[in-house]
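> Take a look at the following structure, please.
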Amino acid sequence: MESTSTTAGGRRGGDRKKAVSKSAKARLQFPVGRIARYLKKGRYAQRYGGGAPVYLAAVLEYLAAEVLELAGNAARDNKKNRINPQHVLLVVRNDEELGKLLQGVTIASGGVLPNINAVLLPKKASSSFDKDQSSKSKSSNKV
Numbered sequence: 053m054e055s056t057s058t059t060a061g062g063r064r065g066g067d068r069k070k071a072v073s074k075s076a077k078a079r080l081q082f083p084v085g086r087i088a089r090y091l092k093k094g095r096y097a098q099r100y101g102g103g104a105p106v107y108l109a110a111v112l113e114y115l116a117a118e119v120l121e122l123a124g125n126a127a128r129d130n131k132k133n134r135i136n137p138q139h140v141l142l143v144v145r146n147d148e149e150l151g152k153l154l155q156g157v158t159i160a161s162g163g164v165l166p167n168i169n170a171v172l173l174p175k176k177a178s179s180s181f182d183k184d185q186s187s188k189s190k191s192s193n194k195v
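For what it's worth, the working numbering labels the leading residue of the sequence shown as 53, then goes sequentially.
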């Protein structure tokens with residue numbers, strides 16, 4: 053009689069292979085297994101394909117990366133090293149596509165977009181200086 057050792061899963065012989073997550077297989081940072089569980093639990097449909105949670109995780113990861121990259125640029129423009137909700141709000145509201153996607157979303161502690169009416173802005177000093185010089189030269193030509 054031969055002696056065989058069974059391991060987990062009913063396979064014969066050898067050590068068990070190390071488990072590899074679906075996220076690692078798809079080279080994603082977002083959790084594919086968790087998204088699949090949420091899809092099942094949410095009862096959005098009776099059935100869904102095996103690639104659906106992978107695709108959804110990839111889309112969510114892309115959107116998050118896009119917002120974070122633009123918010124990082126906004127933070128750097130404001131001479132800050134840390135992204136705060138105001139930077140995220142600036143990115144979402146100033147980008148046309150993200151603004152349309154997140155139109156009804158309220159960002160907590162985001163504040164409001166800075167907006168100053170053009171009438172309230174100070175007049176340009178250089179342009180008024182040029183006008184004064186041109187009017188003086190015209191008056192000196194008349195004499």
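Cβ atoms here follow ideal geometry from the backbone N, Cα and C, with glycine treated the same way. Given the structure is predicted, the values throughout are model-derived calculations rather than measurements.
Taking just the CA atoms, how far does G101 sit from Q138?
So the alpha carbons of these two residues sit roughly 38 Å apart.
> Counting C-beta neighbours from all protein chains within 10 Å, is the total for S161 16 or more, i.e. buried, or is it exposed?
S161 comes out exposed.
> Where do the ends of the alpha helix (DSSP H) carrying R28 lie?
This structure gives no information on residue 28, because the portion of the chain shown stretches from 53 to 195.
> Report back the beta-carbon spacing between L91 and P105 to the nearest angstrom; my notes put them in contact at under 8 Å.
With 8 Å as the limit, L91 and P105 qualify as a contact, their Cβ atoms being about 6 Å apart.
> Under DSSP, the alpha helix (DSSP H) around S75 begins and ends at which residues?
From DSSP, the alpha helix (DSSP H) with S75 extends over K74 to K77.
> Find out if the Cβ-Cβ distance for the pair I168, L141 is shorter than 8 Å.
The answer is no: Cβ separation not under 8 Å.
> Have a look at G163 and A126 and give me their C-alpha separation to the nearest angstrom.
Each residue's alpha carbon lies about 15 Å from the other.
> What does the alpha-carbon distance come out to for the pair V84 and L122?
Their Cα atoms are separated by approximately 25 Å.
> If you draw a straight line from the C-alpha of A97 to the C-alpha of K74, how long is it?
Each residue's alpha carbon lies about 21 Å from the other.
> Alpha carbons only, please: which of N136, D147, I87 and G124 is nearest the one belonging to E113?
Ranking the options by Cα distance to E113, first place goes to I87.
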